[in-house]
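Down below is the structure, laid out as structure tokens.
In our numbering, the protein residues as written are 445 to 997.
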């Protein structure tokens, strides 16, 4: 009989995740963890078994756009995949956005929210994208204090009723540029019934959302980001028709193909200013801070999914007389991606902790400064890690890793959006430099890292502490030398930012490992910290020549 290889499988994603269990035991009050553990188990079952199976079955279904009805009426109707329709229900009923605004668990509400999403989203075909923008829109309306819009939209954005819950889009990118939003060409004109928008939005994810926040330039305003205003748009008019919006096409993307990303034409779209008629780029940063945090978690749960499948495969696959799991070289390969995954996990969840404390009004000024730098660092660091881990994971499967009907190529294709969405790595590196320009921010970051490293008492963590402190010292020296040299500062911004992100990850790995040793959770976390410290933390190369870069570019 011909040999048939058993495919990799998943179990309950909460029960099978010692890292998540350890982390929640460490950061949450015991009574709170007890009250949500059943919910965590249920989401773990949905993510690892129910929806993972449906995701594989739903592999070939993608959103479709019907622009015209049979007799010529323009309808621009998008049909979603079956799994996405189910994801809408689950997201509402499980409060995957609402939990952050219900605040039943105070400063820990964000950790609770993201733990649930971490367990299920890897099986929901990037439905996290509209949820991220929904969360960001809700936060923006709260922060900017537009009570009229908040009273209308917030109850819907944060509803647990699937028939009532709205999702939000975020329309920034135009044909003239991506991250350079100050060049936006969309115009807002005050006309019949209020402000109306005109222009093209080139890359609009989650095009089926009921509302969106978007940038446009009020007619007569000056050029640049200051002249843009942030507008609130409902995508349908009171009669259910499109609100002056035409969908030119759905984007034919390499990955995230279940996510309906569209090119839109705004032709008299009725809109309302959210916070005045200028400073739109500044005002939308409230949304970006939330969506960048979601992006970091998307990297973390994507990496976790890749590692879980590789581990199961290693137990099932035999080669050269033994299971792959028993092959020292294969174990070494898996250890590398597992350590990267644990580092990304801690960086994402630390960002969530700080966000939750800020929203609960209990964060110190020191913590708020750390949050300002940690958000861009978490996004850019984990995004690059996710692509590398997914690529390595596919290689672990050999030829099966690139066969489409295994579902495995999805691991890599969908991760490639993570370093791009909400700002490329270069853009986020410059954002990190801007955040550090604020008084006390770099000092707050240094204290954040040093305080975690100071928790290490076990001698086995000594090399990890040394690596992190050396990288931090080098970063501090590099910044002090180049702070007045804009060209050199920008040239090294990516390596500098990645060094800070990886240093923070190592510091969090060290602190967690010490806690695990103290509380009888074994040495897995210690192994993760040690392996991560050997994989490159200090990425700064002060000897890089700008002329060489110019010639090669």
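For each residue, glycine too, the CB sits at the ideal point set by N, CA and C.
Bridge partner(s) assigned by DSSP for residue i
{"i": "residue 690", "result": "709"}
{"i": "residue 905", "result": "Residue 905 is not bridged to any residue."}
{"i": "residue 631", "result": "642, 661"}
{"i": "residue 434", "result": "Outside the modelled stretch of the chain, which goes from 445 to 997, sits residue 434, for which no answer is possible."}
{"i": "residue 946", "result": "None, per the DSSP bridge assignment."}
{"i": "residue 530", "result": "Looking at the DSSP assignment, residue 530 forms no beta bridge with any residue, so it has no partner."}
Coil, strand or helix - residue i by DSSP
{"i": "residue 716", "result": "strand"}
{"i": "residue 681", "result": "coil"}
{"i": "residue 914", "result": "helix"}
{"i": "residue 870", "result": "helix"}
{"i": "residue 858", "result": "helix"}
{"i": "residue 784", "result": "helix"}
{"i": "residue 520", "result": "strand"}
{"i": "residue 654", "result": "coil"}
{"i": "residue 830", "result": "helix"}
{"i": "residue 767", "result": "strand"}
{"i": "residue 667", "result": "coil"}
{"i": "residue 965", "result": "coil"}
{"i": "residue 993", "result": "helix"}
{"i": "residue 778", "result": "helix"}
{"i": "residue 922", "result": "helix"}
{"i": "residue 818", "result": "helix"}
{"i": "residue 863", "result": "coil"}
{"i": "residue 1007", "result": "This structure cannot speak to residue 1007, because the chain is shown only from 445 to 997."}
{"i": "residue 538", "result": "coil"}
{"i": "residue 881", "result": "coil"}
{"i": "residue 835", "result": "helix"}
Boundaries of the beta strand (DSSP E) in which residue i is found, first to last residue
{"i": "residue 1009", "result": "Any question about residue 1009 goes unanswered here, given that the chain covers just 445 to 997."}
{"i": "residue 508", "result": "508–512"}
{"i": "residue 612", "result": "612–615"}
{"i": "residue 499", "result": "Careful: residue 499 lies outside any beta strand (DSSP E), inside the alpha helix (DSSP H) at 495–501."}
Residue environment, residue i, which counts as buried when at least 16 other CB atoms sit within 10 Å
{"i": "residue 504", "result": "exposed"}
{"i": "residue 974", "result": "buried"}
{"i": "residue 898", "result": "exposed"}
{"i": "residue 816", "result": "buried"}
{"i": "residue 773", "result": "exposed"}
{"i": "residue 903", "result": "exposed"}
{"i": "residue 633", "result": "exposed"}
{"i": "residue 693", "result": "exposed"}
{"i": "residue 963", "result": "exposed"}
{"i": "residue 552", "result": "buried"}
{"i": "residue 606", "result": "exposed"}
{"i": "residue 991", "result": "exposed"}
{"i": "residue 982", "result": "buried"}
{"i": "residue 462", "result": "exposed"}
{"i": "residue 569", "result": "buried"}
{"i": "residue 911", "result": "buried"}
{"i": "residue 996", "result": "exposed"}
{"i": "residue 608", "result": "exposed"}
Minimum C-alpha distance to residue i - residue among the options
{"i": "residue 841", "options": "780, 915, 756, 735", "result": "756"}
{"i": "residue 599", "options": "914, 550, 625, 546", "result": "546"}
{"i": "residue 879", "options": "941, 895, 916", "result": "941"}
{"i": "residue 887", "options": "900, 532, 924", "result": "924"}
{"i": "residue 724", "options": "737, 707, 551, 660", "result": "660"}
{"i": "residue 582", "options": "550, 613, 630", "result": "613"}
{"i": "residue 521", "options": "690, 560, 534, 489", "result": "690"}
{"i": "residue 683", "options": "519, 542, 954", "result": "519"}
{"i": "residue 650", "options": "512, 979, 988, 865", "result": "865"}
{"i": "residue 799", "options": "997, 456, 558", "result": "558"}
{"i": "residue 654", "options": "686, 625, 635, 663", "result": "686"}
{"i": "residue 484", "options": "560, 642, 720, 604", "result": "560"}
{"i": "residue 890", "options": "960, 822, 826, 810", "result": "810"}
{"i": "residue 456", "options": "471, 487, 825", "result": "487"}
{"i": "residue 411", "options": "697, 875, 644", "result": "Residue numbering for the chain in the displayed model covers 445 to 997; residue 411 lies beyond these limits and cannot be assessed."}
{"i": "residue 908", "options": "853, 926, 957", "result": "957"}
{"i": "residue 961", "options": "914, 672, 470", "result": "470"}
Contact with chain D by residue i, beta-carbon distance below 8 Å
{"i": "residue 603", "result": "This model lacks chain D altogether, as it is built from one protein chain only."}
Span of the alpha helix (DSSP H) around residue i
{"i": "residue 583", "result": "572–588"}
{"i": "residue 885", "result": "885–897"}
{"i": "residue 401", "result": "Because residue 401 is not part of the residues shown, which for the chain are 445 to 997, the question remains open."}
{"i": "residue 737", "result": "729–760"}
{"i": "residue 464", "result": "462–471"}
{"i": "residue 978", "result": "Residue 978 -> no alpha helix (DSSP H), and no H or E assigned at all."}
{"i": "residue 515", "result": "No alpha helix (DSSP H) holds residue 515; DSSP gives it neither H nor E."}
{"i": "residue 595", "result": "591–601"}
{"i": "residue 561", "result": "553–564"}
{"i": "residue 933", "result": "930–935"}
{"i": "residue 544", "result": "543–546"}
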